[in-house]
Structures are given as C-alpha cells and as structure tokens.
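Asks:
Numbering (the numbering used here), first residue to last: 13 to 483.
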C-alpha cells in the first residue's frame, strides 16, 4: 500500500472552513455481513480563494459515528501544489477500494473493502457537497405528476396505488427512503447506474448456486453479499445473522425482484425531469375500458375460466372491478413482428403481486434472471408464464403462493397475448422447449394441476388489459 503523504488532523464538523470549492469527490460504502459493520467513507479535494488545497474526509459507521479529518499542511506550510492532494486523494481511495485483511467474528480471515457509491446529492461529506447535485440530471419520483397526467379518475387512482405499492415494497425490504430527490441510501439518492451496479454481485451469487443454495463459507459468497448490501443497504438488526444473508435462490429472487421495482421508480423519476408530457415518464397508454361488448367478453372469460380446484380458496370470491386497456408501445411493436412469424396467438392470464405492477406496466413482462423449481411459478424454467384459468393467475396476484399478501384489498390480472407458435405439449416437467418448438404447453394432470403456457422470449408476449379484481 502506498504511503500517505499528508498528516490528518481531526476537525469538529463538516464545515468547509473557507475551502468553499470541492474539485473532486467520491463516496464509498462497506457492508460486512460477518462483522456487523456498515461503514462509509467520503473524500474530497477542496480549494479556497487563496489557491490553497486540502483533502477533507468524513467517515464512520452509519447512524452511529462520524469522524471528520482535514489534510491541508505539508512541510509546515499550506498546500498550493494541487498534485500533492491529488496523490493523497488517490492513495487513500485506492486503499479503501483494494481493502485489507481482517478477521471475522468467527476468526476467519478475509478482505474487507469498500465499494464506490454513485450518489449525486450526498448526505455525507462537507457542506460543499451535502445535498448538492454533482450531476446534471436529478432523479425524483414525483408521483403526483404522473397520476395527474391520466385524465380518467379511475386510471389515476390505480397509477397512484401501484406507485405507492412500489414505494412500500422497496422501503420495507431495504434501508432506502423516499425523499423529494427520490429513493435514497443513507448516503444519498439512488441512480439507475447505482441499481445496475447492484445487479452485478447478485449475478455472481446466482452462478454460485448449488442445489438452489449458497455456501456461506465460500469467500466469494461473503464478498458478494458484502458488495450487494454495501450498494443496497438493508435494515439489519443489532447483530447480522446468516438469516439476513442471501444464501438461497428464494432470497436471491426476492432481491432481483426488488431491484426491478427500484429501477422502475428511479427511471420513471429521471424521465419526469426530462419530459414535458408527464405521461411519457411511465411510457404506457392506459385507459378505462368502456366498450360493453368487450367488457362482457373479458368478464365472462374470467368467471368461466376459474379452476374448480380453487373453489375453496379466497381467489374464488374475487370479481372484476375495472378493466383497463393497456399498451406499451415498444413491447407491442416487437410483438407484432414476432407474432407474424410464430402465429398461434393465445389470450392468457398473468398474475403478479401489487408491488410488481408498476414495473410490469412500465417495462412489460420479463423473464426473471433467477430461476429454480422451488421458486414460485417457475417449474418450467426461465420463461414468461401464462394461464387459461383466471383463478390460477390470481393466486400469484394475491400472494397466495408466496405467503405474502398485498397491502390493499384488491389485486390485478394482466390479459396477455402469447405468440405460442409451435407448442411442445407435455405432462412432464421440462426447462425449455425441445429444438424445433417455440413454446411449452404443460397440460394438467401431470406436473401441474392446471394448464400452464410458457414462452421463452419476452417479445412473444404483449399486454392488452390490466384488470382490477376485488373480493
């Protein structure tokens, strides 16, 4: 490790003390699932009106300790050579990112290192940077602007609800908070790049799965848990236990899903600040369906397709409250090309919990990045699933399979066009269609109690309707 050039002196606060210009700034975070640490490190190069420079650092444990330091003297003189503070800045930051060997609580040795956090309006550091945008684009989730851009009150009500559900889900699973600047880590607001970076350790953990489990003794499992929780802090208790770690395919799937929700909120907030038409921030055309013939057709399809084996479940009591016409322009455009190629288009149901509805409305249906037979609704591999029984899909919408209910007493179904093409019909479990087939139709009586339909490319689906159900 390179030797530091400058001597650090403790200072009492985050005041700039006349060094009013910050010319360089980085924030890093370190989560240690083994050692119960949530540490941050903010470092700046500052300049005053006399042309003098200093390195200012703020570090500590989140919510517990704060230490402020200044390095502004070299050979008993103020520093006027910028290269000195540049070298000091790089040396300190590189040492934090490289890490150092430490011993865990269990006596095992590992590398503890920080991860850079992309924050544009930090809540740590000196007064020069706190709450100050260092990017040209602010990200905020101004839901009132999106809601008001839809003229029909029922559409506005639904958009408001799914945004609220999205916010609640992200906030309840993480330590992120919603502010006027959007979702924030304890260090500052979250950007789309931040979310994308958080996917990287999850992808590594996914590749380390063995029989849907992760070995907590593996160094790479520890390191990538640390990296993920450094980027997306979670509300751990006084002591982090292995129950908090990502060690199963179910937990991994939940985190991927949460990042989808978070990214939808963040990208929508970014679009709000760059769009004269607020509706384009959501990017989806939604309107209340009022055509009586079509209303009757869809309602009959829902009621008549309930599966008899669901008669004693709560979903049997759900009825249609509203039906909304829906079109995601980019999704529909891709589907129209694909459906001409494959043909055999079927109108099927797809269900998901309320907290996922905003992400689906904005982005369409996706193939989840994490799969296992034990994860709800993924018995037939990495695919988009549809059903011809409304009650089957509604079980997913109400959280019956996940044992996690919605906050509100309604639930949503999507009516989706599936370009099935040449179907592989089976009563046994498969993870993908054989060569020469475009989709899988799993018939009831084998691996499943009710028919399931799977396509393995997102462009083989397009959402036509969003249906609000209520018991």
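Every residue, glycine too, gets a C-beta built ideally from N, C-alpha and C. Note that this is a predicted model, so its numbers are computed, not measured.
On the three-state DSSP scale, how would you describe residue 196?
Replies: Looking at residue 196 - three-state DSSP - the assignment turns out to be strand.
Asks: Taking one C-beta from the stretch 315-327 and one from the stretch 391-398 each time, how about it: are there three or more such pairs within less than 8 Å?
Replies: They do not touch, by the three-pair rule.
Asks: Leaving aside the five residues before and after residue 236 along the sequence, list all residues of the same chain whose C-beta is less than 7 Å from its C-beta, in chain order.
Replies: So the qualifying residues of the chain are 213, 216, 217.
Asks: Nearest CA to the CA of residue 238: which residue from 334, 371, 125?
Replies: Cα-wise, what sits closest to residue 238 is 125.
Asks: From the DSSP secondary-structure annotation, give me the bridge partner or partners of residue 391.
Replies: Per DSSP, none; premise fails for residue 391.
Asks: Using only the alpha-carbon positions, how far apart do residue 470 and residue 67 sit?
Replies: Going from the Cα of residue 470 to the Cα of residue 67 covers about 50 Å.
Asks: Quick check: residue 273 and residue 371, are their CB atoms within less than 8 Å of each other?
Replies: Yes, they are a contact pair.
Asks: Which of the three DSSP states, helix, strand or coil, is assigned to residue 224?
Replies: Residue state, collapsed to three classes: coil.
Asks: Using a 10 Å radius around the Cβ and a threshold of 16 neighbouring Cβ atoms, would you call residue 56 buried or exposed?
Replies: Residue 56 is buried by the Cβ-count criterion.
Asks: Any idea if residue 252 is buried or exposed, counting beta-carbon neighbours within 10 angstroms, 16 or more meaning buried?
Replies: Burial call: buried.
Asks: Quick one, are the C-beta atoms of residue 436 and residue 338 less than 8 Å apart?
Replies: Cβ distance not < 8 Å, so residue 436 and residue 338 don't count as in contact.
Asks: Under 8 Å between the Cβ atoms of residue 175 and residue 226?
Replies: Contact: no.
Asks: With DSSP as the reference, label residue 299 as helix, strand or coil.
Replies: Residue 299 falls in the strand class under three-state DSSP.
Asks: Starting from residue 313, follow the alpha helix (DSSP H) in both directions and report where the run begins and ends.
Replies: From DSSP, the alpha helix (DSSP H) with residue 313 extends over 304-316.
Asks: Which residue's Cα is closest to the Cα of residue 21: 72, 105, 82?
Replies: If we check each option's Cα against that of residue 21, 82 comes out closest.
Asks: Opposite residue 40 in the DSSP bridges: which residues?
Replies: DSSP, once it has assigned bridges, lists 53, 128 as partnering residue 40.
Asks: List the residues that DSSP assigns as beta-bridge partners of residue 190.
Replies: BP columns for residue 190 point to 195.
Asks: Is the CB-CB distance between residue 19 and residue 85 below 8 Å?
Replies: Yes, the Cβ-Cβ distance between residue 19 and residue 85 is below 8 Å.
Asks: Between which residues of its own chain and residue 260 is the CB-CB distance below 8 Å, once the five residues before and five after are set aside?
Replies: Hits under 8 Å: 224, 225, 226.
Asks: Could you tell me if residue 378 is buried or exposed, where buried requires 16 or more neighbouring beta carbons within 10 angstroms of its beta carbon?
Replies: Residue 378 is exposed by the Cβ-count criterion.
Asks: Among 80, 233, 164, which has the Cα closest to the Cα of residue 1?
Replies: The structure shown does not extend to residue 1, since the chain is modelled only from 13 through 483, so no value can be given for it.
Asks: What does DSSP give as the partner residue(s) for residue 69 in the beta ladder?
Replies: Beta-bridge pairing links residue 69 to 55, 81.
Asks: Between residue 367 and residue 177, is the Cβ-Cβ spacing less than 8 Å?
Replies: Yes, the pair counts as a contact, with Cβ atoms nearer than the cut-off.
Asks: Taking the straight line between their C-alpha atoms, what separation do you get for residue 70 and residue 241?
Replies: Rounded to whole angstroms, residue 70 to residue 241 spans 20 Å at the Cα level.
Asks: Here's the rule I'm using: 16 or more other beta-carbon atoms within 10 Å means buried, otherwise exposed. How should residue 25 be labelled?
Replies: Exposed, since its Cβ has fewer than 16 Cβ neighbours within 10 Å.
Asks: Can you name the residues that DSSP bridges to residue 94?
Replies: DSSP lists no partner for residue 94.
Asks: Write down the C-beta distance between residue 327 and residue 403 rounded to the nearest angstrom, noting that I regard them as a contact closer than 8 Å.
Replies: The Cβ separation is near 5 Å, so the contact holds.
Asks: Please report the straight-line C-alpha distance between residue 189 and residue 265, rounded to a whole angstrom.
Replies: C-alpha separation (whole angstroms): 22 Å.
Asks: With the cut-off set at 8 Å, would you say residue 199 and residue 39 are in Cβ contact?
Replies: Cβ atoms of residue 199 and residue 39: closer than 8 Å.
Asks: Going by Cα to Cα distance, which pick from 179, 434, 429 is closest to residue 270?
Replies: Taking only the C-alpha atoms, the option nearest residue 270 is 179.
Asks: If I measure Cβ to Cβ from residue 37 and keep anything under 6 Å in the same chain, skipping five residues before and after, which residues do I get?
Replies: Within the same chain, residue 37 has close Cβ partners 56, 141.
Asks: Helix, strand or coil for residue 115 per DSSP?
Replies: DSSP places residue 115 in strand when its eight states are reduced to three.
Asks: Of all the options 344, 336, 405, which has the alpha carbon lying nearest to the alpha carbon of residue 322?
Replies: Comparing Cα positions, the closest option is 405.
Asks: Mark residue 61 as exposed unless 16 or more other C-beta atoms lie within 10 angstroms of its C-beta, in which case mark it buried.
Replies: The residue in question, residue 61, is exposed, as its Cβ has fewer than 16 Cβ neighbours within 10 Å.
Asks: Would you kindly work out how many angstroms separate the C-alpha atoms of residue 201 and residue 243, rounded to a whole number?
Replies: Whole-angstrom Cα-Cα distance: 12 Å.
Asks: For residue 467 and residue 222, I'd like the C-alpha separation in whole angstroms.
Replies: So the alpha carbons of these two residues sit roughly 26 Å apart.
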